[in-house]
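Each residue of the sequence shown is one higher than the last, beginning at 19 in the numbering used here.
Cβ atoms here follow ideal geometry from the backbone N, Cα and C, with glycine treated the same way.
Notes follow once the structure below has been shown.
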Amino acid sequence: MVVTSLEKMIGLQREPTSIRNICILAHVDHGKTTLADCLISSNGIISNRLAGKLRYLDSREDEQIRGITMKSSAISLHFGKGDQEYLINLIDSPGHVDFSSEVSTAVRLCDGCIIVLDAVEGVCPQTQAVLRQAWLENIRPVLVINKIDRLIVELKLTPQEAYSHLKNILEQVNAITGALFTSKVLEERAERETETQGISDSVHGDQVYDWSAGLEDTDDSHLYFSPDQGNVVFASAIDGWGFGDKEKIDKIVTSLGLKVGARESRHADPKVHLNAICSQWLPISQAVLSMVCSKLPSPLDITAERVEKLMCVGARTFDSLPPETQELKKMFMKCSSEDTAPVIVFVSKMFAVDSKTLPCNKPRPLTQEVIAQRRELARRRHAEKLIASQGQELPEQALSGNESELTVKTGETKGDEQELTSQTESMTLKTVEQEADKESFIAFARVFSGVVRRGQKIFVLGPKYDPAESLNKLPSGCSAADDLPSIPHMACCTLENLYLLMGRGLEDLEEVPSGNVLGIGGLQEFVLKSATLSTSPACPPFTPLNFEATPIVRVAVEPKHPSEMPQLVRGMKLLNQADPCVQVLIQETGEHVLVTAGEVHLQRCLDDLKERFAKIQISVSEPIIPFRETITRPPKVDMVNEEIGKQQKVAVIHQAKEDQNKIPEGVQVDSDGLITMSTPNKYATLSVRAMPLPEEVTQLLEENSDLIRTMEQFNSSLNEDKKMHEINQKILDRIQEFKQKLEKNLQGRKWRNAVDQIWSFGPRKCGPNILLSKFEGYKKTVWQCLDKTPKEVSKYRDFDNSIVSGFQLATLSGPMCEEPLMGVCFIVEKWDMSKAEEQMSANRQDSEELDATEPTKNEDKVTSLPSSYPTESSSENKKLQDGNQGSPNSSEKSSKRKGETLLADCYGPFSGQLIATMKEACRYALQVKPQRLMAAMYTCEIMATAEVLGRVYAVLSKREGRVLQEEMKEGTDMFIIKAVLPVAESFGFADEIRKRTSGLASPQLVFSHWEIISGDPFWVPTTEEEYLHFGEKADSENQARKYMNAVRKRKGLYVEEKIVEHAEKQRTLSRNK
19 MVVTSLEKMI
29 GLQREPTSIR
39 NICILAHVDH
49 GKTTLADCLI
59 SSNGIISNRL
69 AGKLRYLDSR
79 EDEQIRGITM
89 KSSAISLHFG
99 KGDQEYLINL
109 IDSPGHVDFS
119 SEVSTAVRLC
129 DGCIIVLDAV
139 EGVCPQTQAV
149 LRQAWLENIR
159 PVLVINKIDR
169 LIVELKLTPQ
179 EAYSHLKNIL
189 EQVNAITGAL
199 FTSKVLEERA
209 ERETETQGIS
219 DSVHGDQVYD
229 WSAGLEDTDD
239 SHLYFSPDQG
249 NVVFASAIDG
259 WGFGDKEKID
269 KIVTSLGLKV
279 GARESRHADP
289 KVHLNAICSQ
299 WLPISQAVLS
309 MVCSKLPSPL
319 DITAERVEKL
329 MCVGARTFDS
339 LPPETQELKK
349 MFMKCSSEDT
359 APVIVFVSKM
369 FAVDSKTLPC
379 NKPRPLTQEV
389 IAQRRELARR
399 RHAEKLIASQ
409 GQELPEQALS
419 GNESELTVKT
429 GETKGDEQEL
439 TSQTESMTLK
449 TVEQEADKES
459 FIAFARVFSG
469 VVRRGQKIFV
479 LGPKYDPAES
489 LNKLPSGCSA
499 ADDLPSIPHM
509 ACCTLENLYL
519 LMGRGLEDLE
529 EVPSGNVLGI
539 GGLQEFVLKS
549 ATLSTSPACP
559 PFTPLNFEAT
569 PIVRVAVEPK
579 HPSEMPQLVR
589 GMKLLNQADP
599 CVQVLIQETG
609 EHVLVTAGEV
619 HLQRCLDDLK
629 ERFAKIQISV
639 SEPIIPFRET
649 ITRPPKVDMV
659 NEEIGKQQKV
669 AVIHQAKEDQ
679 NKIPEGVQVD
689 SDGLITMSTP
699 NKYATLSVRA
709 MPLPEEVTQL
719 LEENSDLIRT
729 MEQFNSSLNE
739 DKKMHEINQK
749 ILDRIQEFKQ
759 KLEKNLQGRK
769 WRNAVDQIWS
779 FGPRKCGPNI
789 LLSKFEGYKK
799 TVWQCLDKTP
809 KEVSKYRDFD
819 NSIVSGFQLA
829 TLSGPMCEEP
839 LMGVCFIVEK
849 WDMSKAEEQM
859 SANRQDSEEL
869 DATEPTKNED
879 KVTSLPSSYP
889 TESSSENKKL
899 QDGNQGSPNS
909 SEKSSKRKGE
919 TLLADCYGPF
929 SGQLIATMKE
939 ACRYALQVKP
949 QRLMAAMYTC
959 EIMATAEVLG
969 RVYAVLSKRE
979 GRVLQEEMKE
989 GTDMFIIKAV
999 LPVAESFGFA
1009 DEIRKRTSGL
1019 ASPQLVFSHW
1029 EIISGDPFWV
1039 PTTEEEYLHF
1049 GEKADSENQA
1059 RKYMNAVRKR
1069 KGLYVEEKIV
1079 EHAEKQRTLS
1089 RNK
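As structure tokens, this is what we get:
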């Protein structure tokens, strides 16, 4: 056990070959932090006895209470193997699914990882997730199978059974790795085939069956875990092997030549004996660290593939980057620490620390000079106090007035001085306290090239920064210290402090060479969550982090005392910066909303907000559960499974449904659901129909939202004639493939030519809803980027944006409870603007006549305009048209012309009327179809023993859960239950399961998909059978209506419900005596 000095660590930082950046990844409770404790104790930072009990890297109070890690934290360790010395930057990461974003931030900074597995539980859901994350980041894993003692102590396995059980676990892990590898090889092969397809015209018939081509040629033996290869360690981090025989212990100790202390040998607990023996005989730190040093790569061994992946943001390929940027790849590969090498640093997250823990604020030992100064100051103060007290006594004793006046004066001046000094002292004390109370933000970062120095000026590159654009604007060879023009998504900052991360503590550093993990102070104003720092403007921003968990749990927060609102806003801003996964929003209603990944994550964020960032009492709303609205095909059977249309209708048919879908006058509805509406000034008429999209199409649109966003950007730049960098072939191929998939899924008579008529997606132009244009004389589609057609000139061109805007508004908030729509297709079947054209031509003639008469009449222009044409509206209209025009010259002329010809009346600008009409038409088109709510669903994995299986099922069924599969884990008595559960029912689910099963089952909840709630929220009995079955009131529980009314209440919308039911049954005031 060696306590390593800071100087030695700094010395090792200069040798990239001896650095290992590793993180520990595993499922929750598989022993990551305990293993980290054992490794830390080998450096003498904590005692060997406390390893596994202290959980040193869990520095937060709530982490210690809950017994789970919630944030990734780093520590630097020294390890000697033979004459070679290594610096190991170890990052411990959380295993709970709510904090999987912390795993992403840790993995990006590392070159290798230790996957920890519980010997009994084996491969769990989160194990698969972390293996996938490590694979996506191209980092090499090694395996530690932990808790070996459980096989003997708990499962009572024989050596042969234990061997086959461990072999089974290894096979499971290797199967996951193999699946990841196979998918990668097949993807690469498909890419190569698409590239060579154009070159080779000859078609090989036998290649159809050769699905595994490419798999035989590639060597994958190095990927798998095997004790032969030395990349597996069997361990028990808590150290509890189980012999119980005293003589055997003495025999083992003497034969192995170990030294066991008297205290341990006298102890009654056999675990203490074993800990003492095994930690000396087979020290876990020695086994794990030597495997890390021999099997995991140093920063110098970074692969070209990983570098290219990091440098290519979005869909850009490495070859399409500027030559100066491509040159930087060599610097990455060299991991160069020369002064000439450009500095490249990636910040994966910002974390908050208490300012008291910073090295500059730590209490230091006092020197002799400081002690002398303080003594002198104390003497002076004492003397001043004595003089002041004498000055007060003197005026009482003195007889002459002059003397008393004099002494009072001197006393006053001295009193003033004393007051002044005490004031300044208290002020300095207050500022020191305020400084100490503040939270400081430190960037968790890694140097990929160059040497980072304190006080260095550096560029901060945002995720949308484009090096190609800035290199044209900036002079060559410029640095961050120069006075440069402002470039979008690029800022300059100074690195104030550099820190060595030592778990709970920080150490000051002057400089950090390439290949090291470090903390950087002073970036709070420049970096929100993650960023790329570089001294070269040619450096591209790194690829964004892959987050496994999607934030879905929302709550609204407000301060208990309204006057503390500014503190809450500031606190939420700090929380947003400190947590990589949390989202902070201010809704249209003015609510401050927190979006988190799950219940545990939400609790941690609220605690942080109360105790660290806002430091005020806050009120938290019930969780805001997201829903989606959709429509379905009309059902074939009714609520009592009778075929619709065959039964006899009863005389009393409830009018509730008709009232709910009441369509106002002036709106025509066809029998098949076509809605026809006119604008308020009757100049344009729209006919809109709503249809449900097939499930596969909705899923396809959700998966390709980023691609749709890229298409939208490209189309808008085409329409505005902007110069945008050429869309590369790879993206065009992806768009083409996406179009083909849509065509494949949209088949049948009613979807004929539908894909070529797609006008827009929504909401926000990239959502899972479609707008089709089926009227004559209009050709604009979303596929402009494929055929690159210039804008067509048609009578609709000037107002098509208004129709699209109306569609976007309609899909953003549906008619049921103002939630976004999903899986709906709106078809515009007619758009008649003949009246508007007539009016425009009439106006044009009027204006021409006015122009002709103007020179003869020397009158003011405004007074000669007709009264139905107010000047304000025309200018407003001119602005609107300017936004919807193409090239600047033509737009100026045409908008001028339209400003003079288009009618803007008491209903406001015509384009605004079109937006409102389109929105209303879409809503009515939805209301004439069977509407349904869609709920967000979690997939839920529960590990439980046979005895508590029934209780798990009871909790699931009570909360509307649905079990998908149940399987027994081989070699154990554990069952794995996979189920789906609505997010709305998931609050308190984990606690309830733990209570009901006495802690024997714990669920993992991960957001999965959206699912239609089968019940109709507006259902009322209409047939005799339904009437007999459900009764006149039909007041049995309607889950969909319950959810809908809850959302409507929260949003302050009208809810149709009776306050008092069965009034005659209510209790009277007088009691029966």
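Best match in the options for proximity to residue i [C-alpha to C-alpha]
i	options	result
V600	E525, E387, M368	M368
P317	P245, P301, I157, L241	I157
F350	E457, P531, V981	P531
W1037	A1058, T799, T512, L328	A1058
H96	N66, A632, G29, M840	G29
E155	P562, A509, K768, M508	P562
G473	G1033, A596, E529	E529
F631	A708, S458, E79, I64	S458
C353	I538, L593, T321, V973	T321
Y942	I362, N861, A708, F364	A708
L127	V545, A461, R32	A461
D850	L492, C843, S705, P555	S705
T195	E206, I166, R207, Q146	Q146
V822	I753, N722, E938	E938
Whole-Å CB distance - residue i paired with residue j, under 8 Å assumed
i	j	result
V970	A962	5 Å
D129	N39	5 Å
E1029	M952	6 Å
A137	I163	5 Å
G832	E1043	Incorrect: roughly 31 Å between the Cβ atoms, too far for contact.
S94	N107	5 Å
K50	D110	6 Å
L551	I476	5 Å
T728	K848	Between K848 and T728 the Cβ distance is about 32 Å, and since that is not below 8 Å, they are no contact.
E959	R977	Actually they are not in contact, since the Cβ atoms of E959 and R977 sit about 15 Å apart, beyond 8 Å.
L718	N771	No, L718 and N771 are not in contact; Cβ-Cβ is about 18 Å, not under 8 Å.
P598	P948	42 Å between Cβ atoms; not a contact.
D626	L593	6 Å
C-beta atoms of residue i and residue j nearer than 8 Å
i	j	result
P485	T358	no
V125	C41	yes
A180	A253	no
E576	H610	yes
G979	V998	yes
K99	C311	yes
F836	K1069	The question names Phe, but residue 836 in the sequence shown is Glu. Their beta carbons are under 8 Å apart, which means E836 touches K1069 by this criterion.
Residue environment, residue i, which counts as buried when at least 16 other CB atoms sit within 10 Å
i	result
T35	exposed
G262	Note that G262 scores a pLDDT of 33, beneath 50, so its modelled location is shaky; the value from the coordinates is reported in the next line. Exposed, since its Cβ has fewer than 16 Cβ neighbours within 10 Å.
Q225	Here Q225 scores only 42 on pLDDT, less than 50, and its place in the model should not be relied on; the value that follows carries that caveat. When all chains shown are included, Q225 counts as exposed.
I1046	First, the amino acid is wrong: residue 1046 is Leu here, not Ile. With fewer than 16 Cβ atoms within 10 Å of its Cβ, L1046 is classed as exposed.
K264	Residue placement at K264 cannot be trusted, given a pLDDT of 48 that sits under 50; what the coordinates show is reported in the next sentence. Exposed, because fewer than 16 other Cβ atoms sit within 10 Å of the Cβ of K264.
Q408	exposed
E676	Per-residue confidence for E676 stands at a pLDDT of 48, beneath the threshold of 50, marking its modelled position as unreliable; the derived number appears in the next sentence. Looking at its Cβ environment, which holds fewer than 16 other Cβ atoms inside 10 Å, E676 is exposed.
N490	exposed
H619	buried
D238	exposed
G70	buried
CB contact below 8 Å: residue i versus chain B
i	result
P710	Absence of chain B from the displayed structure is noted, only one protein chain being present.
Complete runs of the beta strand (DSSP E) confined to the stretch 715 to 802 [at least 3 residues]: 776 to 780, 787 to 791
Extract the residue ranges of the alpha helix (DSSP H) inside the stretch 474 to 543, only unbroken runs of 4 or more that lie entirely within it. 485 to 491
Every unbroken beta strand (DSSP E) within the stretch 921 to 990, with a cutoff of 3 residues, ordered by chain: 949 to 963, 980 to 986
Which runs of the alpha helix (DSSP H) at least 4 residues long sit entirely within the stretch 43 to 107? Give them in chain order. 50 to 59, 79 to 84
Those runs of the beta strand (DSSP E) which lie wholly inside the stretch 345 to 391 and span at least 3 residues: 362 to 372
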